[in-house]
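Contents: one structure, followed by commentary.
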Amino acid sequence: MSEITNLVKSLAEKHGRYQESLLPILQGVIEQQKFLSEEAMVEIARELDISAARVFGTASFYSFLNTRPLGQYVIRVCRTITCMMHGKNQIIQELEKCLKIKLGETTLDGKFTLLETNCLGQCHKGPAMLVNDEPYTQLTPEKVRDIIQSLKMNEASKLSNPDLN
Amino acid sequence: MSKINLVIDHIQVSVESGSTILEAAKKMNIKIPTLCHHEDLCVAGNCRVCMVEQVGSDRLLPSCATPAAEGMEILTNSLKVRNARKSVIELLVSEHRAECTRCYKNGTCELQHLSSEYLIGEDSLIDLVPLKEFTIDYFSPSIIKDDSKCIRCQRCVRSCDQLQNIGALSVAYKGQKMKIASFFEKPMYEVVCTNCGQCVNRCPTGALIERNYIDEVWSAINDPQKHLVVQTAPAVRIALGEALGMEPGKIVTGKMVAALRRLGFDSVLDTDFSADLTIIEEGNELLQRLKGALVDKDPNVKLPMTTSCSPGWIKYIEHMYPQLLGNVSTAKSPQQMFGALAKTYYANKINVEPENMVSVSVMPCTAKKYEANRPEMHSSGYKDVDLVLTTRELARMIQQAGIDFLALENEEYDSIMGMSTGAAVIFGATGGVMEAALRTAYEVVTGRDVPFDGLNILPVRGMEEVKEASIKIENPLPAWAFLDGVELKTCVAHGLANAKKVMDRVVKGEANYHFIEIMACPGGCLGGGGQPIPTNKEIREKRTRAIYEEDAGKPIRKSHENPEVIKIYDEFLVKPLGHKSHELLHTSYTERNRY
Numbered sequence: 246m247s248e249i250t251n252l253v254k255s256l257a258e259k260h261g262r263y264q265e266s267l268l269p270i271l272q273g274v275i276e277q278q279k280f281l282s283e284e285a286m287v288e289i290a291r292e293l294d295i296s297a298a299r300v301f302g303t304a305s306f307y308s309f310l311n312t313r314p315l316g317q318y319v320i321r322v323c324r325t326i327t328c329m330m331h332g333k334n335q336i337i338q339e340l341e342k343c344l345k346i347k348l349g350e351t352t353l354d355g356k357f358t359l360l361e362t363n364c365l366g367q368c369h370k371g372p373a374m375l376v377n378d379e380p381y382t383q384l385t386p387e388k389v390r391d392i393i394q395s396l397k398m399n400e401a402s403k404l405s406n407p408d409l410n
Numbered sequence: 353m354s355k356i357n358l359v360i361d362h363i364q365v366s367v368e369s370g371s372t373i374l375e376a377a378k379k380m381n382i383k384i385p386t387l388c389h390h391e392d393l394c395v396a397g398n399c400r401v402c403m404v405e406q407v408g409s410d411r412l413l414p415s416c417a418t419p420a421a422e423g424m425e426i427l428t429n430s431l432k433v434r435n436a437r438k439s440v441i442e443l444l445v446s447e448h449r450a451e452c453t454r455c456y457k458n459g460t461c462e463l464q465h466l467s468s469e470y471l472i473g474e475d476s477l478i479d480l481v482p483l484k485e486f487t488i489d490y491f492s493p494s495i496i497k498d499d500s501k502c503i504r505c506q507r508c509v510r511s512c513d514q515l516q517n518i519g520a521l522s523v524a525y526k527g528q529k530m531k532i533a534s535f536f537e538k539p540m541y542e543v544v545c546t547n548c549g550q551c552v553n554r555c556p557t558g559a560l561i562e563r564n565y566i567d568e569v570w571s572a573i574n575d576p577q578k579h580l581v582v583q584t585a586p587a588v589r590i591a592l593g594e595a596l597g598m599e600p601g602k603i604v605t606g607k608m609v610a611a612l613r614r615l616g617f618d619s620v621l622d623t624d625f626s627a628d629l630t631i632i633e634e635g636n637e638l639l640q641r642l643k644g645a646l647v648d649k650d651p652n653v654k655l656p657m658t659t660s661c662s663p664g665w666i667k668y669i670e671h672m673y674p675q676l677l678g679n680v681s682t683a684k685s686p687q688q689m690f691g692a693l694a695k696t697y698y699a700n701k702i703n704v705e706p707e708n709m710v711s712v713s714v715m716p717c718t719a720k721k722y723e724a725n726r727p728e729m730h731s732s733g734y735k736d737v738d739l740v741l742t743t744r745e746l747a748r749m750i751q752q753a754g755i756d757f758l759a760l761e762n763e764e765y766d767s768i769m770g771m772s773t774g775a776a777v778i779f780g781a782t783g784g785v786m787e788a789a790l791r792t793a794y795e796v797v798t799g800r801d802v803p804f805d806g807l808n809i810l811p812v813r814g815m816e817e818v819k820e821a822s823i824k825i826e827n828p829l830p831a832w833a834f835l836d837g838v839e840l841k842t843c844v845a846h847g848l849a850n851a852k853k854v855m856d857r858v859v860k861g862e863a864n865y866h867f868i869e870i871m872a873c874p875g876g877c878l879g880g881g882g883q884p885i886p887t888n889k890e891i892r893e894k895r896t897r898a899i900y901e902e903d904a905g906k907p908i909r910k911s912h913e914n915p916e917v918i919k920i921y922d923e924f925l926v927k928p929l930g931h932k933s934h935e936l937l938h939t940s941y942t943e944r945n946r947y
């Protein structure tokens, strides 16, 4: 049995083979695998005896249940109206320049993915973005450069000091 | 049951408790428009076209989803209601690619009817279609899925979930991006979709339609080099009339044959002939398996054996129970048996080169289109069945040809391969194949008629979800002595949701059947996805009655007594399960993925 089959099986054991276990199982797979592969969804469908399209439909409803592989750092810039009025377009432009990718893409080295998201609840401090689970607010193009720089440095230091991992 | 009194449009009405406002209005012959509502499916309440006003309440109510309550005062046609409905229809149309004059559903589209009824203006709302990147899935030989015409009523999702328990389609994404999607939005022919067409039969717009081959058939008819052979499935003759202005439940066999001749088909033949042949092959296969299991104790013999006539069922089991493919009868469906024989036996008989023959079938079924396109269905050396039309497409062709169908005189099928028995006719109803097989198998084994009054095996008839019947075999002929005292256990399921219930029990080893009949569509082929729209419970029952009427009226009612079937074994096939049969009449199946 493949790794994913075992993971899904153990999650199904843990949460029970009910329709309402679908979300916790999907979240469990995301925790381990970062994204939901076709194979994972088919296995979940098999375990819960539901259709694979239903699993896909549910996963696609939730922004944080990724259905494709994403970078190590997933950057989600708030696209809703307050952040838009506070200059989120320039923020995205800056991010695209720093990372040399377009919105929706992942850097070739697999480190960064740039996405938009709906309201993060930081309207009073817009523009805002999330990097993985960490919110960053009152962004300026300069701040964005610093954040990306430090994330890259962070990576570089991890590489030179593997013990810190 | 207690009654509830309410007033609808100032008229007092009393309905059973639990009825919806929509049902109460229907009882009074007041028509409330609906889109997402369908009698066969659960309440969705998402289209908001059926809104009505409750006097004294600000908010409008969806009549399909609101139970009638004591003392309610409902207005179904107030100005407020009309305005709301009109807005709803305008909103739906603004996201619908309304190319009505070029649409396959032109004239039969429910959204079009409503737009016309409510006089939707040309420029009512901005057309949002050009702003959305819609997908049109044109790859399947059976079904075209055009998201640009989808109004997201989810009748298709509910058909696939509730009637069939397949779930090939689901609601995906959210908000303005919400759409009806297959697994990872893959093309329909790659996913678990069985092509049964129950969604096509229920889609109110042109978002899910059958792929039609009307023009291809006209071209072939027009080609003087080609000899056109047409076969008609059992369930077409009891439903075709509906699409041509007749009441449900009318048998129109003779008129249909006449119409096909008028359209220009050179040989008008009957799938019922090959249905009889299917019974001989499949019945013998069952007896062979029983012998293998009971006498030879061969562990490789798979029982229970299931039927293989329904192409929706075949694709379903290939996806969902690949480990049970050995249990499926290897006999081809009647359509494909017919196709293989048309371009061999029949072509030879009438002296036509098979490459000059175009073999057309008329089926109640959209999955038959996929079946005819399977790569293995070339056993005549050519594509065995070239073009598959649904009942609806044939009706359309008859209209195009300007034929007054109701005025046609009855005509008879051509011979050979046009003669059939009552056993073949009932293939069109759930339980029919089982009944036909038992009529033959019992007689083969015992030399006597099945022990049921007038050959009518009532336990396998009717609309019950899963039916069971058993026959005890007593005093068999010497060759079948090993079956003496054996109780032949059978099971019949229709609709894939019911098929799943049975197959889950087979997997768990809880089912001790010998023979299982499965038809993918509710009610069997008479409720097929290619049948006239609407199809619902009431109409399925009327069609069923017509099928058994046709059976009872047939002079011969047992497949093995069909003179043309006897003849084809004498002249060509030699014996059931023989070499020729294996070459032409049997097939194999493919394991497929679970999405």
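These protein sequence lines map, in sequence, to chains W and L.
Sequential numbering of the first sequence, starting at 246, is according to the working numbering.
Sequential numbering of the second sequence, starting at 353, is according to the working numbering.
No residue lacks a Cβ here, since even glycine has one placed at the ideal position from N, Cα and C.
**Prompt:** Considering only residues of the same chain and omitting the five flanking positions on each side of L427(L), which have a CB-CB separation below 7 Å?
**Reply:** Position 75 of the second sequence, counting from 1, holds the residue named residue 427(L). D361, V404, E405, V407, V433.
**Asked** What is the DSSP secondary structure of I392(W), reduced to helix, strand or coil?
**Response** As a working mapping, residue 392(W) is identified with position 147 in the first sequence. Here I392(W) sits in helix by DSSP.
**Message:** Taking 8 Å as the threshold (beta carbon to beta carbon), is R946(L) in contact with chain W?
**Reply:** Taking the first residue of the second sequence as position 1, residue 946(L) is located at position 594. Output row for R946(L): interface = yes.
**Request:** Measuring alpha carbon to alpha carbon, tell me which of T418(L), C548(L), I908(L), N708(L) ends up nearest G875(L).
**Result:** As a working note, residue 875(L) is residue 523 in the second sequence. Of the listed residues, the one whose Cα sits closest to G875(L) is C548(L).
**Asked** Can you give the beta carbon distance from L515(L) to I532(L), rounded, assuming they're within the 8 Å contact cut?
**Response** For this step, residue 515(L) is matched to residue 163 along the second sequence. For this step, residue 532(L) is matched to residue 180 along the second sequence. Rounded, the Cβ-Cβ distance is 16 Å, inconsistent with contact.
**Message:** For M729(L) and V740(L), which I take to be in contact (beta-carbon distance under 8 Å), what is that distance rounded to the nearest angstrom?
**Reply:** Position 377 of the second sequence, counted from the first residue, corresponds to residue 729(L). Position 388 of the second sequence, counted from the first residue, corresponds to residue 740(L). Their Cβ separation, rounded to whole angstroms, is 11 Å, which puts M729(L) and V740(L) out of contact at 8 Å.
**Request:** Step through the CB atoms of chain W and report whether any lies within less than 8 Å of the CB of F486(L).
**Result:** As a working note, residue 486(L) is residue 134 in the second sequence. Not closer than 8 Å to any Cβ of chain W, the Cβ of F486(L) fails to qualify, so no.
**Request:** Put N410(W) into one of helix, strand or coil per three-state DSSP.
**Result:** Counted from its first residue, the first sequence places residue 410(W) at position 165. Here N410(W) scores only 42 on pLDDT, less than 50, and its place in the model is too uncertain to base an answer on.
**Item:** As assigned by DSSP and simplified to three states, the class of Y381(W)
**Value:** Against the first sequence, residue 381(W) aligns to sequence position 136. If DSSP states are grouped into helix, strand and coil, Y381(W) belongs with the strands.
**Request:** With DSSP collapsed to three states, give me the class of E839(L).
**Result:** As a first step, residue 839(L) is located in the second sequence; it is residue number 487 there, counting from the start. The answer is strand: DSSP assigns E839(L) an E or B state.
**Asked** Thinking just about the alpha-carbon of each residue, which of L365(W), K347(W), E292(W) is nearest to the one in T358(W)?
**Response** Here residue 358(W) is taken as the residue at index 113 of the first sequence, counted from 1. If we check each option's Cα against that of T358(W), K347(W) comes out closest.
**Coil, strand or helix - V433(L) by DSSP** = Position 81 of the second sequence, counted from the first residue, corresponds to residue 433(L). Of the three classes helix, strand and coil, the one that applies to V433(L) here is helix, per DSSP.
**Message:** For L621(L) and V917(L), I'd like the C-alpha separation in whole angstroms.
**Reply:** Here residue 621(L) corresponds to residue number 269 of the second sequence, with the count starting at 1. Here residue 917(L) corresponds to residue number 565 of the second sequence, with the count starting at 1. Spanning the two alpha carbons is a distance of roughly 14 Å.
**Asked** Looking at the C-beta of Y525(L), does it have a partner C-beta in chain W at a distance below 8 Å?
**Response** Taking the second sequence and counting its residues from 1, the one referred to as residue 525(L) is at position 173. Closer than 8 Å to some Cβ of chain W, the Cβ of Y525(L) qualifies, so yes.
**Request:** Evaluate the contact criterion for the stretch 776 to 792 of chain L versus the stretch 861 to 876 of chain L: three or more CB pairs, one atom per stretch, below 8 Å.
**Result:** yes
**I363(L) - containing beta strand (DSSP E), residue span** = Numbered from its first residue, the second sequence carries residue 363(L) at position 11. Start and end: 363 to 368.
**Request:** Tell me, please, whether the CB atom of P539(L) is closer than 8 Å to any CB atom in chain W?
**Result:** Numbered from 1 along the second sequence, position 187 holds the residue referred to as residue 539(L). Chain W, which has no Cβ nearer than 8 Å to the Cβ of P539(L), makes this no.
**Message:** List, in chain order, every chain W residue whose beta-carbon is nearer than 9 Å to that of V544(L).
**Reply:** Working through the second sequence from its first residue, we reach residue 544(L) at position 192. Chain W residues near V544(L): S296, A297, A298.
**Asked** Under 8 Å between the Cβ atoms of K695(L) and M709(L)?
**Response** Residue numbering aside, residue 695(L) sits at position 343 when the second sequence is read from its first letter. Residue numbering aside, residue 709(L) sits at position 357 when the second sequence is read from its first letter. Yes, Cβ-Cβ distance for K695(L) and M709(L) is below 8 Å.
**Short Cβ contact (8 Å threshold) for A776(L) with L639(L)** = Residue mapping note: residue 776(L) aligns to position 424 of the second sequence, counting from 1. Residue mapping note: residue 639(L) aligns to position 287 of the second sequence, counting from 1. In this structure, L639(L) does not lie closer than 8 Å to A776(L) by Cβ.
**Asked** Taking Cβ positions only, does A585(L) come closer than 8 Å to chain W?
**Response** One-based indexing of the second sequence puts residue 585(L) at position 233. No, its Cβ sits nowhere closer than 8 Å to a Cβ of chain W.
**Message:** Comparing C-alpha positions only, which one of K889(L), P385(L), Y900(L) sits nearest to L393(L)?
**Reply:** Taking the second sequence and counting its residues from 1, one reaches residue 393(L) at position 41. Of K889(L), P385(L), Y900(L), the residue nearest in Cα terms is K889(L).
**F834(L) - containing beta strand (DSSP E), residue span** = For this step, residue 834(L) is matched to residue 482 along the second sequence. Taken as a continuous stretch (DSSP letters only), F834(L) belongs to no beta strand (DSSP E), as it is neither H nor E.
**Request:** State buried or exposed for E826(L), treating a residue as buried only when at least 16 other CB atoms are found within 10 Å of its CB.
**Result:** Mapped onto the second sequence, residue 826(L) falls at position 474. Exposed, since its Cβ has fewer than 16 Cβ neighbours within 10 Å.
**Asked** Is the stretch 498 to 514 of chain L close to the stretch 558 to 565 of chain L, with three or more CB pairs under 8 Å?
**Response** yes
**Request:** Output yes or no for whether 8 Å exceeds the beta carbon distance between K824(L) and E839(L).
**Result:** Counted from its first residue, the second sequence places residue 824(L) at position 472. Counted from its first residue, the second sequence places residue 839(L) at position 487. Yes, these two residues count as a Cβ contact at 8 Å.
**Close-in-space but distant-in-sequence residues of the same chain around A821(L) (CB under 6 Å, 5 per side omitted)** = Walking along the second sequence from the start, residue 821(L) turns up at place 469. Counting only Cβ-Cβ distances below 6 Å, and skipping sequence neighbours, we find P811, V812, T842.
**Message:** So if DSSP puts S711(L) in a beta bridge, which residue, or which two residues, is it bridged to?
**Reply:** Mapped onto the second sequence, residue 711(L) falls at position 359. In DSSP, S711(L) forms a bridge with V581(L).
**Prompt:** Within 8 Å (strictly less), CB to CB, does V322(W) reach chain L?
**Reply:** Residue 322(W) sits at position 77 when you count from the first residue of the first sequence. With 8 Å as the cut-off, V322(W) does not count as an interface residue toward chain L.
**Asked** Which residues does DSSP pair with T372(L) in a beta bridge?
**Response** Position 20 of the second sequence, counted from the first residue, corresponds to residue 372(L). Looking at the DSSP assignment, T372(L) forms a beta bridge with P419(L).
**Prompt:** Should L936(L) and E633(L) be called a contact, given that it needs their Cβ atoms to be closer than 8 Å?
**Reply:** By one-based count along the second sequence, residue 936(L) stands at place 584. By one-based count along the second sequence, residue 633(L) stands at place 281. No, these two residues do not count as a Cβ contact at 8 Å.
**Message:** Buried or exposed for V647(L), going by 16 or more other Cβ atoms inside 10 Å?
**Reply:** Locating residue 647(L) in the second sequence gives position 295, where the first residue counts as 1. Exposed, since its Cβ has fewer than 16 Cβ neighbours within 10 Å.
**Prompt:** With a CB to CB cut of under 7 Å and the five nearest residues on each side skipped, what residues in its chain are close to P828(L)?
**Reply:** By one-based count along the second sequence, residue 828(L) stands at place 476. Answer for P828(L): V797, T798, L835, D836, listed in chain order.
**Prompt:** What residue does the beta strand (DSSP E) around T362(W) start on, and which one ends it?
**Reply:** Along the first sequence, one-based indexing puts residue 362(W) at 117. Per DSSP, T362(W) belongs to the beta strand (DSSP E) from 357 to 362.
**Request:** Go ahead and label I478(L) buried or exposed: buried means 16 or more other beta carbons lie within 10 angstroms of its beta carbon, across all protein chains shown.
**Result:** Indexing the second sequence from 1 puts residue 478(L) at position 126. Under this definition I478(L) is an exposed residue.
**Asked** Does the beta-carbon distance from Y381(W) to I393(W) come in below 8 Å?
**Response** As a working note, residue 381(W) is residue 136 in the first sequence. As a working note, residue 393(W) is residue 148 in the first sequence. In this structure, I393(W) does not lie closer than 8 Å to Y381(W) by Cβ.
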